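Working notes for the structure below.
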Amino acid sequence: MKSSLNKVVRIAALLGLVASAYPVAAHHATTMFDHAKVVTINGVVKEVHWTNPHVGIYVDVAGKDGAEAALWVIEMTSPGNLVRAGGWTRNSVKPGDKVEISMAPLRDGKKGGALKKVTIADSGKVLTADIRAQERANLEQEAPAK
Amino acid sequence: MRNIRREVMALLGVSLLPGVSFAQGTPGAKPAAKPVINPPPTAKDWADIAKLPDWSGVWTHVRSDQDRQMKTNPPPWNEKAAKVIEWQYAEERAGRPPPLFQNCLPESMPAWMLVTHNAMEIIFSPGRVTMLGESDSARLRRIYTDGRGHTEDPDPSFHGESIGKWQGDDLNVDTIAMHPQNYIAISEAQGIPNGGDMHIKERMYLQKPDVWADELTITAPKVLTKPWVTTRIYYRQRLRRLDIVEGTCLEGYFKPAVDKDGYPVWEKITHDPYGNRTPPK
Numbered sequence: 001m002k003s004s005l006n007k008v009v010r011i012a013a014l015l016g017l018v019a020s021a022y023p024v025a026a027h028h029a030t031t032m033f034d035h036a037k038v039v040t041i042n043g044v045v046k047e048v049h050w051t052n053p054h055v056g057i058y059v060d061v062a063g064k065d066g067a068e069a070a071l072w073v074i075e076m077t078s079p080g081n082l083v084r085a086g087g088w089t090r091n092s093v094k095p096g097d098k099v100e101i102s103m104a105p106l107r108d109g110k111k112g113g114a115l116k117k118v119t120i121a122d123s124g125k126v127l128t129a130d131i132r133a134q135e136r137a138n139l140e141q142e143a144p145a146k
Numbered sequence: 147m148r149n150i151r152r153e154v155m156a157l158l159g160v161s162l163l164p165g166v167s168f169a170q171g172t173p174g175a176k177p178a179a180k181p182v183i184n185p186p187p188t189a190k191d192w193a194d195i196a197k198l199p200d201w202s203g204v205w206t207h208v209r210s211d212q213d214r215q216m217k218t219n220p221p222p223w224n225e226k227a228a229k230v231i232e233w234q235y236a237e238e239r240a241g242r243p244p245p246l247f248q249n250c251l252p253e254s255m256p257a258w259m260l261v262t263h264n265a266m267e268i269i270f271s272p273g274r275v276t277m278l279g280e281s282d283s284a285r286l287r288r289i290y291t292d293g294r295g296h297t298e299d300p301d302p303s304f305h306g307e308s309i310g311k312w313q314g315d316d317l318n319v320d321t322i323a324m325h326p327q328n329y330i331a332i333s334e335a336q337g338i339p340n341g342g343d344m345h346i347k348e349r350m351y352l353q354k355p356d357v358w359a360d361e362l363t364i365t366a367p368k369v370l371t372k373p374w375v376t377t378r379i380y381y382r383q384r385l386r387r388l389d390i391v392e393g394t395c396l397e398g399y400f401k402p403a404v405d406k407d408g409y410p411v412w413e414k415i416t417h418d419p420y421g422n423r424t425p426p427k
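Those protein sequences? They're chains X and E, same order as listed.
FYI, the numbering for the first sequence is 1 to 146, going by the numbering used here.
FYI, the numbering for the second sequence is 147 to 427, going by the numbering used here.
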């Protein structure tokens, strides 16, 4: 039992070493988000980083029902993909906007996620960020009926 | 005497010619190679471009097809590479996707043709086809179509040395001299460095009027047991609103800020080990 435990610890250490050997940066796959779950937050946009390769939105969420106030970071695809797949512009979401955001949350429980949908309270406008929404030629034309 | 005078005069005359040395006259010496130039394009060169197939517009990747091909047509990995891929899949299932492209270096050949999530455009000019990507740092390929062959010992690079030949409406491309670090990737979280000696042949063509295809045959003896043939497709967009925008991967390391003197600057931000921004404290 002890030897199996040691083996598990050794493998975990090795995996940790390999993971830490990768440089920390920006361009990445998205399975650190749990796409099977949806978490919804309501808050006020603090910052929007309209930058490649992934756009980010920081949202202040007030404490409520015993939960502490927190700053959430929501990640998306690139500006170009958001324009093509979701009809975004860099001003679609602005600091100060009251928003409701649903996301696939980070698996590690931290205050972050991959955006599924944002609703802007004042205008009621809804935006999504599904990269697959651009998967047809000539997006200017009506989508063919399914 | 007259002959001697003539020889002396000839010798003086030769020595006065600019750029000519006596060494050239040494018996047995090879004449200097004529420098190769890129001639200015002629009106006919431009007219010939008009006869090529229309690859204009913005070409967008097809992510669901990339995902499908991971399962239906995986590379023939050798045993060692297959074990690493298996580990990468396990890591991804555990929510720890191996961050192959986080360093913001170019996705490189062949990964950027295989797994890109960003649009590109293709530009024809006399003697050259140029491919420009929207993101992923310096995504740029030059494919020479002016009849040249590969250079004798090209410097390795991210995109390699590509020589193209038009055959009807197909562009056949031969690429060598890629960095051994370039990934053969099947997703942003699964891929193996090619290890060197990689050779890629491509057939680029229109599958349908607005569907562009790149059929790649990748030979990489250090990691594949046989050449891997795979095709990636791209959809054409003509909407001006969707034109290619500038995309610099490193931008994601920073956010706009103001320095102590009031000037706009880029301020570094932090990320977690998997590439996501971390909330400021």
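Glycine included, C-beta positions come from ideal geometry on N, C-alpha and C.
Nothing here was measured: the structure is a model prediction, and the numbers come from that model.
DSSP state of Met350 (chain E) mapped onto helix, strand, coil: DSSP, read as helix, strand or coil, puts Met350 (chain E) in strand.
Sequence-distant residues of the same chain with beta carbon closer than 6 Å to Lys111 (chain X), five excluded per side: Close CB contacts of Lys111 (chain X) within its chain, under the 6 Å cut and outside five residues either way in sequence, are with Ala70 and Trp72 (chain order).
Output, in chain order, the set of chain E residues within a Cβ distance shorter than 7 Å of Leu139 (chain X). Within chain E, the residues whose beta carbon sits less than 7 Å from that of Leu139 (chain X) are Gln383, Leu385 and Leu388, listed in sequence order.
Buried or exposed: which applies to Lys37 (chain X), given that a residue is buried once 16 or more other Cβ atoms fall within 10 Å of its Cβ? Per the 10 Å Cβ criterion, exposed.
Is the stretch 244-252 of chain E close to the stretch 278-295 of chain E, with three or more CB pairs under 8 Å? Cβ pair count under 8 Å is three or more, so yes.
8 Å is my cut-off, CB to CB: does Ala331 (chain E) come that close to chain X? No, Ala331 (chain E) does not count as interfacial toward chain X.
At which residue ranges does the stretch 36-107 of chain X contain complete alpha helix (DSSP H) runs of 4 or more residues, listed in the order of the chain? Segments of the alpha helix (DSSP H) lying fully in the stretch 36-107 of chain X: 79-86.
Quick one: complete beta strand (DSSP E) runs, 3+ long, within the stretch 172-243 of chain E? Qualifying beta strand (DSSP E) stretches, in chain order: 204-207.
Pro412 (chain E) bridges to which residues according to DSSP? Checking the sequence shown, residue 412 (chain E) turns out to be Trp, not Pro. Residue pairing from DSSP places Trp412 (chain E) in a beta bridge opposite E:Pro402.
How would you call His35 (chain X), buried or exposed, if buried means at least 16 neighbouring beta carbons within 10 angstroms? Under a 10 Å Cβ-count criterion, His35 (chain X) is classified as exposed, with fewer than 16 other Cβ atoms of the shown protein chains found around its own Cβ.
For chain X, check one thing: does any of its Cβ atoms lie closer than 8 Å to the Cβ of Val357 (chain E)? Under the Cβ criterion of 8 Å, Val357 (chain E) is counted among the residues facing chain X.
In terms of residue numbering, what span does the alpha helix (DSSP H) encompassing Met32 (chain X) cover? Premise fails: Met32 (chain X) is in no alpha helix (DSSP H) and is neither H nor E.
Considering only C-alpha positions, which residue in the set X:Gly80, X:Asn91 and X:Val48 is nearest to His207 (chain E)? Checked all of X:Gly80, X:Asn91 and X:Val48; the closest Cα to His207 (chain E) is X:Gly80.
Got a sec: is the Cβ-Cβ distance from Ala143 (chain X) to anything in chain E below 8 Å? Not an interface residue.
Looking at the structure shown, is Ile379 (chain E) part of a helix, part of a strand, or coil, going by DSSP? Here Ile379 (chain E) sits in strand by DSSP.
Which class does Met259 (chain E) belong to by DSSP, given the choice of helix, strand or coil? Met259 (chain E): helix per DSSP, three-state reduction.
Closer than 7 Å by beta-carbon distance: list the chain X residues that pair up with Thr206 (chain E), in chain order. Per Cβ cutoff of 7 Å: Arg84 and Gln134.
So what's Pro419 (chain E) in DSSP terms, helix, strand or just coil? Pro419 (chain E): coil per DSSP, three-state reduction.
Tell me, to the nearest whole angstrom, how far the beta carbon of Asn99 (chain E) is from that of Arg349 (chain E); I am working on the premise that it is less than 8 Å. Residue 99 (chain E) falls outside the range modelled here, since chain E spans only 147 to 427, and no answer is possible.
Taking all protein chains shown into account, do 16 or more other C-beta atoms lie within 10 angstroms of the C-beta of Asn340 (chain E), making it buried, or fewer, making it exposed? It is buried - the Cβ of Asn340 (chain E) has at least 16 other Cβ atoms within 10 Å.
To which residues does DSSP link Met324 (chain E) through a beta bridge? In the DSSP secondary-structure assignment, Met324 (chain E) is bridged to E:Ser303.
If we count Cβ pairs, one from each stretch, closer than 8 Å, do we get three or more for the stretch 126-135 of chain X versus the stretch 81-93 of chain X? Cβ pair count under 8 Å is three or more, so yes.
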